[in-house]
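In what follows, a structure is listed as structure tokens, so that the remarks can point back to it.
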Amino acid sequence: MSVFDKYAEEMLESYTHNPRGHYVSALLVRRIESEAIFRTEGSGETQNKEFVHAGLEDRSLVRRVVISKRKQTAAERRTGRELLRRHDLLYEGEGGDGICALNTNNPCGRCVDCMIYGYAAGGGGAQKSRVITDDAFSLHPAPAVTDVRTFNAPFEDGTPWDREREQRMTGLGGDEYVKPEAMFLEIETFKDMTPGEIRYVLGNVLRTTRYGAISSRIGKVKNVLVGVAFSDCELFSNLELTQAVYDRLKGDSDELEFPLDVDGVTDAAREAARTLSRRVVGRVTWLTDGEVDNLVDELIDLYRDEEQVVQILKGIAY
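Plus 693 on top of the position in the sequence shown (first one is 1) and you've got this note's numbering.
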């Protein structure tokens, strides 16, 4: 028996064009496991940062690192599209220029990816994304979780010596990066989805391991699903969640310790989310911690069984 069976009335039985107000919110802790850079690759910009209040109670101003909403869902969407492509579940694009592809104005408008994450065809239809997300903020202020790495580009013999010019290369560069074990908190919300669609999106989240710039060498991230809520409205913002968790973990200390144990952050995130939910103008039902753990185990078993994955994907009809 699946965890979702108990909450079947909270999800749709089949896709509908008309909004029905069924929201599923996934509470995530994103734990950085290598150096990471969250900026537009090749732009030359520094890390994305914003000045915000430290907590809901601690009203001092701090600067936090930001993972933009697009950086998060774009990486997860690519993970899902790899899966669909592997099983030939991407279809001919509406433009007639080959198989459904991102950023080419050639969406098929029929695959699971298009119908969940949305698309807009230049001369055709459109689908609004049913994955609602927001910028994610670092739990710690930026100075605590960032540093600068200086680098150079050696010649092919592995040295900085230019043999043709008989001089030492002096050009050095530097990248600001987020330190390993920094943590970001987030709520991803899935609107009006079937159980199969939710399993697909959660699978994308849990199977995505690289975010940000230069992701082939850095940007390793572990996504931990720590809570799931069913509701008839959207819940609180990522910033509000981050501030509430910051207050809980900092307590009476002068500053928040770094690095933090992920289990402590998980417990604080669960407590903060349930507390914030009491001020939501709507009906909210949280899965128990045990049910969340069982759901993660279900997803692990599901994605180990290729035939079952294909069966679920083919069972999602539009």
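Beta carbons are placed, not taken as given, at the ideal position from N, Cα and C, and that holds for glycine.
Since the structure is predicted, the reported quantities are computational estimates derived from the model, not experimental observations.
Exposure of Cys807, with buried meaning 16 or more beta-carbon neighbours within 10 Å
Here residue 807 is taken as the residue at index 114 of the sequence shown, counted from 1. Answer is buried; the Cβ neighbour count reaches 16.
Starting from the Cα of Gly912, find the closest Cα among Ser924, Pro836, Gln765, Tyr939 and give me that residue.
The residue you call residue 912 lines up with position 219 of the sequence shown. That would be Gln765, whose Cα lies nearest to the Cα of Gly912.
Say whether the region 754–772 touches the region 955–969, bearing in mind that this needs 3 or more beta-carbon pairs closer than 8 Å, one atom from each stretch.
No, the region 754–772 does not touch the region 955–969.
Cβ of Ile891 within 8 Å of Cβ of Val717?
Translated into the one-based positions of the sequence shown, residue 891 becomes position 198. Translated into the one-based positions of the sequence shown, residue 717 becomes position 24. Yes; because the gap between Cβ atoms is below 8 Å, this pair is in contact.
If you run the structure through DSSP and keep just helix, strand and coil, what is Tyr812?
Start at 1 with the first residue of the sequence shown, and residue 812 comes out as number 119. In this structure, Tyr812 counts as strand in the three-state DSSP scheme.
Where Ser753 falls, given that 16 or more other Cβ within 10 Å makes a residue buried
Numbered from its first residue, the sequence shown carries residue 753 at position 60. Burial call: exposed.
Cβ distance (whole Å) where Pro800 is taken to contact Gly786 below 8 Å:
Here residue 800 is taken as the residue at index 107 of the sequence shown, counted from 1. Here residue 786 is taken as the residue at index 93 of the sequence shown, counted from 1. With 8 Å as the limit, Pro800 and Gly786 qualify as a contact, their Cβ atoms being about 6 Å apart.
Mind checking Glu775: buried by the 16 CB within 10 Å criterion, or exposed?
For the purposes of this step, residue 775 is identified with residue 82 of the sequence shown, where counting begins at 1. So Glu775 ends up on the exposed side.
Just curious, the beta strand (DSSP E) that Asn987 is in, first and last residue?
For the purposes of this step, residue 987 is taken as residue 294 along the sequence shown, with counting starting at 1. Counting along the chain, Asn987 falls outside any beta strand (DSSP E), though it belongs to the alpha helix (DSSP H) covering 982–997.
If I measure Cβ to Cβ from Arg770 and keep anything under 8 Å in the same chain, skipping five residues before and after, which residues do I get?
In the sequence shown, the residue the question calls residue 770 occupies position 77. Once the five neighbours on either side are set aside, the close Cβ partners of Arg770 are Leu795, Asp806, Tyr810, Asn897.
Quick check on the DSSP output: the alpha helix (DSSP H) that includes Ser970 runs from which residue to which?
Reading the sequence shown from its first residue, position 277 is the one you call residue 970. Segment 955–970, the alpha helix (DSSP H) holding Ser970.
Counting pairs of beta carbons, one from the region 865–884 and one from the region 820–830, are three or more of them closer than 8 Å?
yes
Look at the alpha carbon of Gly851 and the alpha carbon of Lys1007, and state the distance between them as a whole number of angstroms.
Start at 1 with the first residue of the sequence shown, and residue 851 comes out as number 158. Start at 1 with the first residue of the sequence shown, and residue 1007 comes out as number 314. Confidence in Gly851 is poor, its pLDDT being 49 and thus under 50, which makes the residue's placement too unreliable to answer from.
To which residues does DSSP link Glu869 through a beta bridge?
Taking the sequence shown and counting its residues from 1, one reaches residue 869 at position 176. Glu869 is bridged to Val841.
If we ignore side chains and look at the alpha-carbon of each, how far apart do Tyr996 and Val1002 end up?
Along the sequence shown, one-based indexing puts residue 996 at 303. Along the sequence shown, one-based indexing puts residue 1002 at 309. Approximately 6 Å between the Cα atoms of the pair.
Near Cys804, what residues of its chain come up, given a Cβ to Cβ distance below 7 Å and the 5 sequence neighbours on each side ignored?
Against the sequence shown, residue 804 aligns to sequence position 111. Excluding residues within five positions, the ones whose Cβ falls inside 7 Å are Leu777, Leu782, Leu783, Tyr784, Cys793.
Going by other Cβ atoms of all chains shown within 10 Å of its Cβ, with 16 needed for buried, is Arg724 buried or exposed?
For the purposes of this step, residue 724 is identified with residue 31 of the sequence shown, where counting begins at 1. When all chains shown are included, Arg724 counts as buried.
Go ahead and pull the three-state DSSP assignment for Val938.
Numbered from its first residue, the sequence shown carries residue 938 at position 245. Val938: helix per DSSP, three-state reduction.
From Gln936, Arg963, Leu942, residue whose alpha carbon lies closest to that of Leu953
Here residue 953 corresponds to residue number 260 of the sequence shown, with the count starting at 1. It is Leu942.
Span separating the alpha-carbon of Val914 from that of Ser727
Along the sequence shown, one-based indexing puts residue 914 at 221. Along the sequence shown, one-based indexing puts residue 727 at 34. Roughly 7 Å separates the two Cα atoms.
Could you check the C-alpha separation between Lys872 and Tyr1011 for me, to the nearest Å?
The sequence position of residue 872 within the sequence shown is 179, counting from 1. The sequence position of residue 1011 within the sequence shown is 318, counting from 1. Distance between the alpha carbons of Lys872 and Tyr1011: 43 Å.
When you compare each of Tyr893, Glu874, Asp840 to Arg823 by their alpha carbons, which one comes out closest?
Along the sequence shown, read from residue 1 onward, the residue named residue 823 stands at position 130. Put simply, of Tyr893, Glu874, Asp840 the residue whose alpha carbon is nearest the alpha carbon of Arg823 is Tyr893.
Suppose you measure from the CA of Leu949 to the CA of Val745; what does that come to, to the nearest Å?
The residue you call residue 949 lines up with position 256 of the sequence shown. The residue you call residue 745 lines up with position 52 of the sequence shown. Roughly 16 Å separates the two Cα atoms.
Quick one: grab the DSSP three-state call for Arg976.
In the sequence shown, the residue the question calls residue 976 occupies position 283. If DSSP states are grouped into helix, strand and coil, Arg976 belongs with coil.
Out of Leu899, Leu969, Ala962, state which residue places its alpha-carbon closest to the alpha-carbon of Asp990.
The count along the sequence shown starts at 1 and reaches residue 990 at position 297. Answer by Cα proximity: Leu899.
Tell me Glu743's beta-bridge partners as DSSP assigns them.
Working through the sequence shown from its first residue, we reach residue 743 at position 50. Paired residues: Arg757.
Measure the Cβ-Cβ separation of Leu749 and Ala962 and say whether it is below 8 Å.
By one-based count along the sequence shown, residue 749 stands at place 56. By one-based count along the sequence shown, residue 962 stands at place 269. Contact flag unset, no.
Tell me the rounded alpha-carbon separation between Gly982 and Gly791.
The residue labelled residue 982 in the question sits at position 289 within the sequence shown. The residue labelled residue 791 in the question sits at position 98 within the sequence shown. A quick correction: the sequence has Asp, not Gly, at residue 982. The alpha-carbon atoms of Asp982 and Gly791 are separated by roughly 45 Å.
Hey, Ala937 and Trp979: beta-carbon distance below 8 Å or not?
Taking the first residue of the sequence shown as position 1, residue 937 is located at position 244. Taking the first residue of the sequence shown as position 1, residue 979 is located at position 286. No.
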